[in-house]
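At position 15 of the sequence shown (counting the first as 1) the number is 1100 in the working numbering, and the numbers step up by one without a gap. Even for Gly, the Cβ is constructed at its ideal location relative to N, Cα and C. Just so we're clear, the structure is a prediction, and the values are computed from it rather than from any experiment. Here's the structure, in structure tokens; my notes come after.
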Amino acid sequence: ASLAEEHWEALQVLLKAPSKDGVRQLCRDCHSTSAVGCARLIASTCSSLSITTEEADQLIRALNWLTRHVVFRSLNSAEEILAVFPETFHQNLKNLLTKIILQHMPSWRQEAEGAQGECGSSRDTALEALNLSWQRQIPRCAVPVGHLGPGHPTLQI
């Protein structure tokens, strides 16, 4: 799996950050499982980067996916992480994000291993849990509920 083009574009908003420390803090905040959809984090991101709520939400989702992707794929070196980014991605931002991810990798990996202990012992189980959490976060507004009859599989949980 890889980030869609719009997610890479959302990450470029980090160029508006007032400092590297601001980017570092946002990366730490966005890695959390509770980051996506967090109104407080969206509001603080809007304020610190002077962006819209939608842009902040997209940025948080993209950072969350990126940091978790690197952890769950066990990418351990700068070269492996840099390879995740598209060729056209801003070089300095790519380098900064890679450095930040490498700095936080040990604690994020411990967090992921703790989650694996709760869910099961395999890396695949953790990846399945991550995939499931992303599927639950996808807005379901694409299917008008009024057009679905009783017993339709989309309505079953």
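Residue i lies in the alpha helix (DSSP H); which residues open and close that run?
i	result
Thr1137	From DSSP, Thr1137 is part of no alpha helix (DSSP H); its letter is neither H nor E.
Please classify residue i: is it buried, with 16 or more other beta-carbons within 10 angstroms of its beta-carbon, or exposed?
i	result
Arg1125	exposed
Leu1111	buried
Leu1134	buried
Leu1100	exposed
Thr1130	buried
Thr1183	buried
Asp1106	exposed
Ala1141	buried
In whole angstroms, what separates the C-alpha of residue i from that of residue j?
i	j	result
Thr1173	Leu1096	12 Å
His1189	Leu1148	13 Å
Ala1120	Arg1146	8 Å
Trp1093	Glu1198	27 Å
Trp1150	Ser1104	22 Å
His1116	Thr1152	6 Å
Asn1180	Leu1167	7 Å
(Q) Report the start-end ranges of each beta strand (DSSP E) in the region 1168-1199 that is 3 residues or longer and not cut off at the edges. (A) none
Can you list the alpha helix (DSSP H) stretches of 4 or more residues lying completely in the region 1091-1161, in chain order?
1105-1116, 1124-1134, 1138-1157
Does the region 1176-1189 touch the region 1158-1168, meaning 3 or more C-beta pairs lie closer than 8 Å? yes
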